[in-house]
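The opening position of the sequence shown corresponds to residue 506 in my numbering, with each subsequent residue numbered one higher.
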Amino acid sequence: MAEVGRVAVSSPGSRRLPGGFWAAVAVWVERPQVANKRLCGVRLEARRSVSLPQTGHTHPRPSAGPEPERLAEAGECGPDGARGPGPSAGPDQGCQEAQGRRQPEEEPREAAAAAAAQLSGTPEQPGKAAAREGDLPAADLDALWDAFAQSLAGDNREVLAFLTGTGAGSPPEGRRELDLMLRTVIPKTNPHCPLRGPRREMVVQDVLNGTVTFLPLEEDDEGNLKVKMSNVYQIQLSHSEGEWFISVLIFCPEQWHSDGTVYPKPSWLGEELLARLARWCVESRQSGFKSTLSLVSIVKYSAAYQALKEKYKDMVKVWPEVTDPEKFVYEDVAIAAYLLILWEEERAERGETARQSFVDLGCGNGLLVHILSNEGHPGRGIDVRRRKIWDMYGPQTHLEESAITPNDKTLFPDVDWLIGNHSDELTPWIPVIAARSSYACRFFVLPCCFFDFVGKFQRTQSSKTQYRGYLDFVTEVGSACGFHVEEDCLRIPSTKRVCLIGKSRTYPPAREASMDEERTRYINSRRGRPRSPCSGGPAPPPPGAAPSSAPGPEGHGALDTWPGHTAEAGAGQQGARAPAGGLWLSGFQPREKAERLRNCAALPREFVDRVVLQVARLLLGKRSPAGRSAQAWNRGGSLSLAEVAGELDRETLQRLKRECGGLQTLLRNSPQVFQVLHGHVRIRDWREERPRKQEEPESKRRPSSDSFKTRICWFFAHHPDGCVLPADCCPFAHGPGELRPAPRTKKKPAL
């Protein structure tokens, strides 16, 4: 045995040990790809509580450091006597810790069981691992452990000593319960190394002893699984002399085989992994988001993503848009891979073979539509503005330039799925359109910008982030429309990567007409009050509530049953429809066809110059501390953007608020005058911009550029001390006499 790493961990008040340790362990067990970027994820297949084998004696455990105190001796038999980390515990998921500490009279085993109760479980089924394809039958897992336990009690007592960490020369007294998990570690698909397939492991967690041991599995000649002893390692929490320590130990280091993916080098375990575990132990950041790719098979997704990435990677080279091709191409590839697997599994559940049809509302560059169409799914995309790249896709990709307004004319009765990929103002309407299109229509939305039914979404609950509050709002819209709404987190290069999916309804087809009345009342409840129902706004009426007699909004016939709905059963397979030509809610504005620049570039020059001069005077008024020479150039002080905004008049602030980035963008657009960094602004000192060596010739020390001396120096014209640079060194003109004509810009050839 060898200890390849050991680190001391402090336990601040935000998260106490050992509870934080088990939360960190849960990340490595359930989401190792957070630390090891070469992994796609894991599949937790089974979980059991097993008993430690009893023997006559065990060999003493070799020690690479001072003998640690056992957790029971330290008075900490579990993570604060609380339930342990759930399936999404970790640095970006959080863990639920108990209020208060374990009482002395509580049994250590109870606290230990509580710590492991939910590791690899699901919120609906605590203590049960999520089951997917390729699961190992329960009887096989029991037989696998029984065979391994017999070997521990017989010839492999050194392994037993390593597993239990007794180190005292005798087995632990009484029966000890262990938490046994089976997981499949899934590496990322790599075309250069096709032989690296999923690997299975048994994970043995001993909460009472503060250890978690990873036992790799391999198949023998007869196809039976057995433990492979070459790559056994353990993560251990110990308490010694008032300090907590985390260690990584390898059972047989001379036989360790690193494949560079599932089993990294021992140095990586002792350095990179150990450092992450130590940090996760004490992090208290919590999040209400589910783990990544929780609704689809990770194995299938990984294979589909790699195949699509190889197939469409050349799009990056020919991308004609001004957007970043690396981000947009691979993001849409990842979304397409997710939808393809989601739809494949849906066909298997329903026993269908025909591929699902779709419409992408607000399809943007249309790449997602192009990929899904090429992969055999009939569909089209609709967007208010045509993109250059549309012409590159070919006739098999159907894209339409049209504005979408939620009304009875924007229904899709023959479509299986509606997609909203960063669909902005249409996002909350997509569940409504899907519900009214047909009973069989489903939806997938990936919210980004925050819109209500009309106008911007306003957060009213400070305990949630705006993003979390908006996701809850869209979820409630889907629920009010009669969908079972599921949430998942995609693996895409974006900060907004939570998707919401409505695959099934909460009501039978015969209730379609009455259910649509409830949808109408819910939509009306948002009229003029863009508040989140989950934060105190009007909630949707309960199912089956009687219709109100209050008049609805213009053009909707909001609270009346629509013509032709004399019987609810007749509406079973048809989406409910609004009166002809009527809006579902007045005030909705689709995005403009011509995208308006909102980066302050279109603001009048005199307005920008006035704000720049006003901010500069504020900064110059914050003169550096006394003691400097009276002849020193005044570079002023530093102010936060909030402090600067507090000095501007209301009309100016309202005008800037209509621009993306507002005041900060305007100041960044004046880099000659200002430096904006970490939310603070100061006057730029051009002496610090480029250190010049005295030995350089004058020709090299002098700035050279096509724009050299093509604009008047702001400091020469406005700074009370003038420009800090001599005229021959300043890239801007010191007076009209130095001005040069601006070079002509060459037009780029059309693609």
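Just so you know, even glycine gets a beta-carbon here, dropped at the ideal spot from N, CA and C.
For clarity, every value in this text was computed on a predicted model and none was experimentally measured.
Beta-carbon separation (whole angstroms), residue i vs residue j, contact threshold 8 Å
i       : j       : result
MET897  : VAL823  : 7 Å
GLY987  : MET1020 : 5 Å
GLU755  : LEU742  : Note that residue 755 is Ile in the sequence shown here, rather than Glu. Not confirmed; about 17 Å, so no contact.
GLU1023 : ALA985  : 7 Å
TRP1138 : ASP1233 : Wrong, their Cβ atoms sit about 17 Å apart, outside the cutoff.
VAL1149 : VAL1113 : Contact flag wrong, Cβ pair sits at about 15 Å.
VAL530  : TRP749  : 14 Å between Cβ atoms; not a contact.
LEU845  : LEU800  : So it is not a contact: roughly 13 Å between Cβ atoms.
ALA839  : LEU877  : Not confirmed; about 13 Å, so no contact.
VAL712  : MET686  : Contact flag wrong, Cβ pair sits at about 13 Å.
Which residues DSSP lists as bridging residue i, in chain order
i       : result
GLY884  : PHE863
GLY925  : VAL950
LEU730  : GLU724
GLY1007 : PHE948, VAL990
ASN912  : LEU1088
GLU682  : SER556
PHE719  : VAL708, TYR738
THR464  : Beyond the ends of the chain as shown, which are 506 and 1256, falls residue 464; an answer cannot be given.
ALA513  : PHE750
VAL1181 : VAL1186
LYS961  : PHE956
LEU904  : GLY886
ALA1238 : ILE1217
GLU508  : LEU754
GLY875  : Residue 875 is actually His in this sequence, not Gly. In DSSP, HIS875 forms no bridge with anything.
THR932  : Answer by DSSP bridge pairing: none, since THR932 is not bridged.
THR797  : CYS994
Whole-angstrom distance between residue j and residue i, CA atom to CA atom
i       : j       : result
CYS1218 : ILE691  : 59 Å
SER967  : GLN1169 : 24 Å
GLU1201 : GLN1119 : With a pLDDT of 48 at GLU1201, under the threshold of 50, the modelled position of that residue is not reliable, and no figure is offered here.
TRP1089 : ASN926  : 22 Å
VAL889  : ASP865  : 12 Å
SER796  : PRO523  : 23 Å
VAL512  : TRP785  : 13 Å
PHE948  : SER942  : 11 Å
SER802  : SER1145 : 48 Å
GLY881  : SER1009 : 23 Å
ARG781  : PRO830  : 32 Å
ILE478  : PHE1093 : An answer regarding residue 478 cannot be provided, because it is not within the stretch 506 to 1256 covered by the chain.
LEU1123 : GLU836  : 43 Å
ARG704  : LEU976  : 35 Å
GLU1203 : PRO1248 : With a pLDDT of only 46 at GLU1203, under 50, the local geometry of the prediction cannot be trusted, and no value is derived from it.
ILE1028 : GLY747  : 59 Å
GLY1240 : TRP1191 : 18 Å
GLN1177 : PRO952  : 37 Å
ARG852  : TYR843  : 14 Å
THR828  : MET506  : 53 Å
VAL706  : PRO721  : Reading off the sequence shown, one finds Glu at residue 706, where the question assumed Val. Looking at the two C-alpha atoms, the distance is approximately 4 Å.
VAL834  : LEU872  : 7 Å
ARG1002 : LEU995  : 5 Å
LEU1125 : TRP773  : 51 Å
GLU759  : GLU550  : 30 Å
ASP684  : LEU557  : 10 Å
LEU798  : ILE1188 : 47 Å
ASN870  : TYR972  : 24 Å
ALA540  : LYS814  : 23 Å
LEU1182 : LEU1171 : 14 Å
GLU850  : THR1000 : 27 Å
GLU535  : LYS770  : 20 Å
ASP1154 : VAL1116 : 10 Å
ASN879  : LEU923  : 18 Å
THR716  : ALA654  : 17 Å
LEU779  : TRP650  : 28 Å
PRO911  : VAL982  : 14 Å
VAL753  : GLY765  : 18 Å
Min CB distance residue i to chain D below 7 Å
i       : result
LYS1214 : Protein chains in the displayed structure number just one, and chain D is not present.
Problem set entry | Three or more C-beta pairs below 8 Å linking the region 885-902 and the region 809-817 | no
For this session: Would you check if there are 3 or more beta carbon pairs closer than 8 Å linking the region 949-959 to the region 928-939?
Result: yes
Exercise. On the three-pair Cβ rule with 8 Å, is the region 731-746 touching the region 660-667?
Worked result: yes
Exercise. Taking contact to mean at least 3 C-beta pairs separated by less than 8 Å, is the region 872-891 in contact with the region 903-921?
Worked result: yes
For this session: Within the region 1134-1159, note down every full beta strand (DSSP E) run reaching 3 residues or more, in order along the chain.
Result: 1143-1145
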